[in-house]
Amino acid sequence: MAALLNARDQGPPANLVLASAAHRFPEAFDNLPSRPPEPIHTEHPVFPAEAAQQAIEGTVVAKLWIDANGKVSKVEIVSATPPGVFEEAARAAFMKSTFSPAILNGEPVGSVAERLVRFHLKP
82 MAALLNARDQ
92 GPPANLVLAS
102 AAHRFPEAFD
112 NLPSRPPEPI
122 HTEHPVFPAE
132 AAQQAIEGTV
142 VAKLWIDANG
152 KVSKVEIVSA
162 TPPGVFEEAA
172 RAAFMKSTFS
182 PAILNGEPVG
192 SVAERLVRFH
202 LKP
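Just so you know, we're using the working numbering here: the sequence shown kicks off at 82 and counts up by one.
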């Protein structure tokens, strides 16, 4: 259910890992949605002025709680590099983003997804 944008390929593809785990532990996968949430509108974060002035770049990984209407109801910062610089900009952007909700048994359901945002200065 979690998706990490711009992730590098490390190890087997996620669908193979899930298929293997589902075969060994089918009860753990009974309530996984048949379709994960998909972005409809991705709000671009505002690059913090102080970070731009100091030429600081970084990344933020966030866990998003997406309700059955596709609205982000909660954002938890999982990691940030460097810490204390980009978290609030990422949180504000994610809260304004919208998704098509996850689907379980043909019905929209709330879900949790992980997203990565990279803060890069243009040359």
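Just so you know, even glycine gets a beta-carbon here, dropped at the ideal spot from N, CA and C.
- Message: Considering only DSSP beta bridges, list what I158 is partnered with.
- Response: A143
- Message: So V127 and A170 are supposed to be a Cβ contact under 8 Å. How far apart are they, rounded?
- Response: 5 Å
- Task: Helix, strand or coil for A183, going by three-state DSSP, please let me know.
- Result: strand
- Message: Going by DSSP in three states, E131 sits in which element: helix, strand or coil?
- Response: Correct three-state label for E131: helix.
- Message: Here's a check: name, in chain order, each residue in its chain whose Cβ is nearer than 8 Å to the Cβ of A136, leaving out the five neighbours to either side.
- Response: L202
- Item | Exposure of G165, with buried meaning 16 or more beta-carbon neighbours within 10 Å | exposed
- Query: Where does S154 land, buried or exposed, given buried means 16+ other C-beta within 10 angstroms?
  - Reply: exposed
- Task: Please name the residue, chosen from H122, A130, L145 and V159, that lies closest to G191 on a Cα-to-Cα basis.
- Result: L145
- With E124 as the anchor, note down where its alpha helix (DSSP H) starts and where it stops. No alpha helix (DSSP H) contains E124, which DSSP labels as neither H nor E.
- Task: Compare the Cα-Cα distances from S160 to each of K177, T140 and I184 and report the closest residue.
- Result: T140
- Message: Using only the alpha-carbon positions, how far apart do M176 and V156 sit?
- Response: M176 and V156: Cα-Cα distance of roughly 7 Å.
- Message: Quick check: what's the CA-CA separation for N186 versus I147?
- Response: 17 Å
- Item | CB-CB length for P120 against A183, believed under 8 Å | The pair is not a contact, with the Cβ atoms about 12 Å apart (cut-off 8 Å).
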